[in-house]
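I have placed the structure first, in the form of structure tokens, so that the comments after it can refer back to it.
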Amino acid sequence: MAVVAEWRSAAGDDNVIAPRRRRVRSVASRIGGGLAILIPILVLSSFIVYALGALSNSNPAATILGQDAATPAAVAKMDKALGLDKPLLVQYWDWLTQAAQGHLGTSWFTGIPVSQSIAQRLPVDLSIAVLAVILAILIGGTAGTVAAVRRGGWFDRGVTLVCSAVSTLPAFVVGIILVVAFAVAWHLLPANGYVGPTGGILPWLQHIILPALALSLQVAADIARQLRTSLVSVLEQNYIVGARVRGLPYRRILVRHALRNASGPALTILGNDFPLMLAGAVAAEAVFSLPGLGQLLLESAQTRDIPVVQGVLLVVSTFVIVVNLLVNTVLNVLYRSGDGVAA
Amino acid sequence: MTGNPPPDEVLGIEDLHVTVHDGAATAVRGVTLSVRTGEIVGLVGESGSGKTLTCRAALGVLPPGCDIRHGRIAFGHQDVTDLSRRGWERLHGTGMGAVFQDPTSYLNPNLTVGGQLAEVLRVKQKLRRHQAHRKAIGLFTAVGLHNPGHVFHQIPSELSGGMLQRVMIAIAISCDPRLLIADEATTALDVTIQAEVIELLRELRDQRGLAVLFVSHDLAVIRELCDRVVVFYAGEVVETGPVEQIIERPRHPYTQALLRVASVGDFQRRQLEVIPGQPPRVGEETTGCRFAERCPAAVPKCLAGPVDLSTLAPGHHARCIRATDPELALITAGQSAAGQSAAAAEMAAR
Amino acid sequence: MSRRDRRHRRHLTRPGSILRLPSARIAVGVLAVVIFLAIFGSALAPQNPLTINANDLFQGPSLHHLLGTDYLGRDVLSRLMAGTRLSVFTAFEAVAIGFVLGGPLGIATVFLGKWFDFAANRVADALMTLPSIFFAVAVTAALGNGLVQAMFPVGILLSPTFFRVTRAATLEYARAQYVEAAELLGASKLHVIRVHVVRKVLPNLAVLTAQATAGALLAVSFLTFLGIGVQPPAPTWGGILSSDLDYLNLSPWAPFIPGLLIAITVGALNALADAFRDRTGPGTLVVADPVVKTHSTLALEAADDRQPAA
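Given below as structure tokens:
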């Protein structure tokens with residue numbers, strides 16, 4: 001291959017720093033920025049969480065001791081044991097530092113460490129949430145892609161219609177419908193209860209598929225709608241034509257170029273919807289009688305078992321905030337052109 | 001051009017008709033042209049004259065709503081008029097490549113330029129990753145990119161227009177196609193870069209026998225680079241011939257006007273000139289010559305019926321009934337007032 | 001813009017003009033019925049929602065009981081009508097909290113300096129991600145098992161979206177007029193800003209309010225479904241749904257009735273939001289509903305994603 005004589009180009013030599021390093025730096029700074037916000041946000045929300053408890057005016061000492069034994073002296077002694085005699089900020093700080101090490105206190109009523117209760121219940125919600133996310137991506141992604149590729153066709157219109165309908169249905173209504181259909185009417189899947197994976201993979205899946213499906217449908221509808229719009233817009237772009245005239249196979253163009261660039265807003269929706277999925281998980285727990293964090297929260301709220309309430313809230317808020325950070329990071333990695341989503 | 005194409009013909013377009021807006025209007029009307037190995041053919045004309053659509057048809061990437069209604073496109077011996085998607089996938093890259101006007105928009109903004117080139121090499125030539133990388137660097141060097149290893153890892157937004165156009169050329173020729181279609185490839189570049197890219201194309205033609213279909217509205221560039229010129233007006237070919245003849249001795253009033261406006265060749269002028277009037281709207285049907293309305297040399301006979309291409313010399317054709325008239329150039333230059341007013345009087349009488 | 005265009009445009013911005021869309025007309029109709037029921041529901045119910053009738057358990061629809069009876073023989077229709085008030089009013093409560101908390105703050109933040117704006121934005125971001133149901137439940141632990149208290153956090157977590165909308169509108173104005181945000185002098189300027197910003201913000205606010213109400217309504221239904229704020233035997237939509245679930249075997253179709261009611265109301269609110277949105281044109285900032293899911297679109301895709309029939 002002959003080497004063409006060297007000519008000076010108009011620009012491009014000004015970038016002295018290697019391009020890869022520069023981009024990594026920009027992504028890193030964005031993650032760093034995210035982290036820097038993360039800490040104060042976490043502190044703020046944990047404080048709110050803690051303050052909620054403090055607002056409660058409940059007198060756990062009296063409740064624990066029982067009516068007769070609740071003499072002022074006994075109550076004062078119990079208060080001290082529970083750490084309730086210290087000023088609020090000190091209590092908060094103690095609690096926070098302990099939480100950072102994984103100790104979330106002890107239930108006032110059952111004596112079980114909060115972290116233990118949470119650890120017991122977390123896998124239930126996690127398995128449902130993860131399966132729901134996978135289902136949402138699969139269903140929503142496929143529907144949105146096919147709708148965009150066959151734009152204007154019957155599938156496209158059908159998907160739009162279904163999405164609008166599903167949007168209005170809250171997860172718990174969907175869950176109920178699913179229970180009625182699959183469990184009561186057709187006896188295909190169990191209506192309630194939970195079996196961990198240790199009890200067998202198949203029973204575990206059988207128990208979580210309905211709640212996961214109920215949870216995933218709304219998110220799937222949103223993803224499908226958004227993906228369709230983004231993909232239609234991306235497929236009209238010049239670089240798709242550019243990829244075609246290079247002779248790249250259509251499927252490859254669709255996945256590696258079009259979908260990759262179009263999935264940003266859809267992923268953002270997933271990230272935004274994730275806290276809603278958590279809320280939906282609480283619904284699913286109620287409908288399907290699953291022993292998860294939501295039920296734990298409900299029970300402890302009813303009994304005013306404040307440490308448990310605080311612990312669950314802290315775990316959930318942290319989880320949500322961290323997931324959002326992760327989603328933002330992934331988006332940063334996928335879309336390096338610097339101005340966010342390229343459509 | 002019926003029958004067997006000459007052995008070295010790379011692209012043959014015959015009587016092409018392309019409709020737009022789902023058949024509502026005909027934007028390309030009976031265009032015939034060919035490109036041979038090692039030949040650089042220039043397509044020149046205003047926007048909307050049909051030159052871009054012709055290229056898109058030849059590439060198989062007509063925009064949605066546009067269809068080939070009539071005619072035949074042949075790539076070498078292969079009829080590609082109704083080629084399937086798979087057929088085009090095989091042809092693209094290895095048979096023909098393309099570069100367009102705005103290279104930034106034709107590259108994926110989120111991937112490195114080197115990665116996009118390497119992708120083509122891996123997919124089309126089944127190279128391994130490191131082989132593709134090495135070949136990509138070689139290609140970048142061949143197109144004159146400074147510091148190709150560095151450029152490999154940049155994304156399009158980090159490169160200048162000139163560099164990106166070189167990248168596009170590198171990608172287009174990476175699988176050794178026989179034909180390169182360049183649609184306004186130098187239009188968006190500044191003059192010095194333009195010169196470099198033109199030189200690059202010439203080198204590619206010299207070294208590889210690459211045939212180039214070069215679309216531009218810039219006559220100066222066409223003159224620099226092309227061997228033959230095809231002049232488009234309102235969806236038709238109005239003149240075609242070797243570049244020296246077209247530039248020095250154009251025979252169609254439109255070509256003459258273009259050259260005058262562009263101040264190229266013998267038609268240098270001292271003051272700014274325009275061609276009065278507007279070309280017919282895309283798809284607008286006319287009887288007779290489509291330039292007649294604006295033509296200073298028009299006579300009533302021009303509007304009578306469709307005008308065919310007349311052969312003026314081997315390889316030189318013009319779509320004008322007065323093409324052989326020696327007074328034509330003077331009339332269009334406005335130097336023969338008599339001829340002009342006579343023509344105008346006749347027109348007014350209709 | 002020609003005079004005729006200007007007149008046409010003004011015509012479009014009058015509030016009555018939403019009713020041109022058939023979907024909007026249906027939506028407004030449905031909502032009018034719901035609000036009417038909320039105010040007069042208990043009075044108009046054909047039967048006493050609390051009357052237990054042990055002989056008529058799980059009856060299907062009949063002349064006497066238009067929607068049948070529940071597990072205690074109570075008339076379902078009456079219960080639903082009576083329950084409308086609590087659901088609707090507490091939903092409004094949450095939206096009002098969000099509006100009052102977020103709206104003015106959004107306007108103010110443009111004028112209170114960069115650091116305040118930055119901090120407010122980050123707080124808003126964080127608040128938007130938090131799941132309000134959890135906090136609603138937690139609040140009942142602190143403040144007692146009441147729906148009014150439970151909707152506080154729902155309202156608070158709605159305020160960031162109001163904040164965003166009013167802030168965006170204010171920014172647009174401030175930038176357009178090159179008003180140095182910090183140098184706000186004179187009551188007359190304040191007045192002008194109040195008038196212009198309000199006008200710019202109203203369409204987006206309308207969309208947001210409709211969506212937020214939908215979300216809040218779902219939240220109420222959900223909370224009552226979970227048992228929060230429900231003092232049996234007082235009827236609520238979610239509470240009816242929940243008890244229906246317990247007797248699914250005996251009456252599998254029962255939960256569809258309250259479910260449908262919730263869905264129709266929420267759908268009407270969404271349709272109304274869409275109608276508002278259509279008239280405000282592309283580029284409108286529409287943000288994700290932070291409560292239980294209703295309808296989510298992102299400001300990133302400004303183009304309307306409803307395609308006209310090809």
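For the protein sequence lines, the chains are S, P and G, in the order given. Last residue of the first sequence: 343 (the working numbering), numbering continuous. Last residue of the second sequence: 350 (the working numbering), numbering continuous. Last residue of the third sequence: 310 (the working numbering), numbering continuous. Backbone N, C-alpha and C define an ideal beta-carbon position, used for all residues, glycine too. These numbers come from a predicted model, not from an experiment.
Item                                                                                                                    : Value
Residue 108 of chain P versus residue 246 of chain G: straight-line alpha-carbon distance, rounded                      : 55 Å
Counterpart residues of residue 74 of chain P in DSSP-defined beta bridges                                              : P/12, P/79
Span separating the alpha-carbon of residue 54 of chain G from that of residue 37 of chain G                            : 27 Å
Sub-7 Å separation of residue 118 of chain S and residue 315 of chain S beta-carbons                                    : yes
Selection of the segment 210 to 222 of chain S by Cβ proximity to chain P, strictly under 7 Å                           : none
Neighbour list for residue 31 of chain G in chain S, Cβ cutoff strictly below 7 Å                                       : What residue 31 of chain G touches in chain S: nothing, since even the nearest Cβ is about 14 Å away.
Three-state secondary structure (DSSP) of residue 228 of chain P                                                        : strand
Contacts of residue 225 of chain G in chain S (Cβ-Cβ under 8 Å)                                                         : 172, 283, 286
Secondary structure of residue 87 of chain S, DSSP reduced to three states                                              : coil
Beta-carbon proximity list for residue 60 of chain P, same chain, < 7 Å, skipping 5 on both sides                       : 80, 83, 88
Three-way DSSP call (helix, strand, coil) for residue 285 of chain P in this model                                      : coil
Buried/exposed call for residue 287 of chain G, threshold 16 Cβ in 10 Å                                                 : Because the pLDDT at residue 287 of chain G is just 40, under 50, the model does not fix this residue reliably, and the value given afterwards should be weighed accordingly. Flag for residue 287 of chain G reads buried.
Bridge-paired residues (DSSP) for residue 108 of chain G                                                                : Answer is none; residue 108 of chain G lacks a bridge partner.
Residue 137 of chain G beta carbon less than 7 Å from that of residue 217 of chain G                                    : no
The segment 275 to 286 of chain S in contact with the segment 236 to 244 of chain S per 3-pair CB rule at 8 Å           : no
C-beta contact flag for residue 168 of chain P and residue 99 of chain P at 7 Å                                         : yes
Proximal chain P residues relative to residue 238 of chain S, where beta-carbon distance stays under 8 Å                : 100, 102, 105, 106
Cβ of residue 158 of chain G within 7 Å of any chain S Cβ                                                               : no
Coil, strand or helix - residue 148 of chain P by DSSP                                                                  : helix
Through-space distance from residue 262 of chain G to residue 273 of chain S, alpha-carbon basis                        : 21 Å
Best match in G/77, G/271, G/172 for proximity to residue 111 of chain G [C-alpha to C-alpha]                           : G/172
Endpoints, alpha helix (DSSP H) assigned at residue 87 of chain P                                                       : 85 to 91
Same chain, Cβ closer than 7 Å to residue 160 of chain G, five either side skipped, listed in chain order               : 102, 124, 127, 128
Opening and closing residue of the beta strand (DSSP E) in which residue 239 of chain P lies                            : 236 to 242
Proximity winner among P/33, P/65, P/183, relative to residue 242 of chain P (alpha-carbon distances)                   : P/33
Cβ shell of residue 356 of chain P (< 7 Å), same chain only, five flanking positions each side left out                 : The structure shown has nothing for residue 356 of chain P, since chain P only spans 1 to 350.
Where residue 134 of chain G falls, given that 16 or more other Cβ within 10 Å makes a residue buried                   : buried
Interface positions of the segment 71 to 86 of chain P facing chain S (Cβ-Cβ less than 8 Å), listed along the chain     : 85
Chain S contacts from the segment 50 to 66 of chain P (Cβ-Cβ distance under 8 Å)                                        : 59, 61
Sequence ranges, alpha helix (DSSP H) only - wholly within the segment 234 to 291 of chain S, length at least 4         : 238 to 245, 260 to 288
Minimum Cβ-Cβ distance from residue 328 of chain S to chain G less than 7 Å                                             : no
Residue nearest to residue 222 of chain S in terms of C-alpha spacing, selected from S/208, S/162, S/257                : S/162
Beta carbon proximity, residue 133 of chain G to chain S, threshold 7 Å                                                 : yes
Near-chain P residues of the segment 244 to 268 of chain S (beta-carbon distance less than 9 Å), N- to C-terminal order : 244, 245, 246, 247, 248, 249, 250, 252, 256, 257, 260, 261
Member of S/183, S/218, S/226 whose CA lies at the smallest distance from the CA of residue 208 of chain S              : S/183
CB contact check: residue 130 of chain S to chain G, cutoff 7 Å                                                         : no
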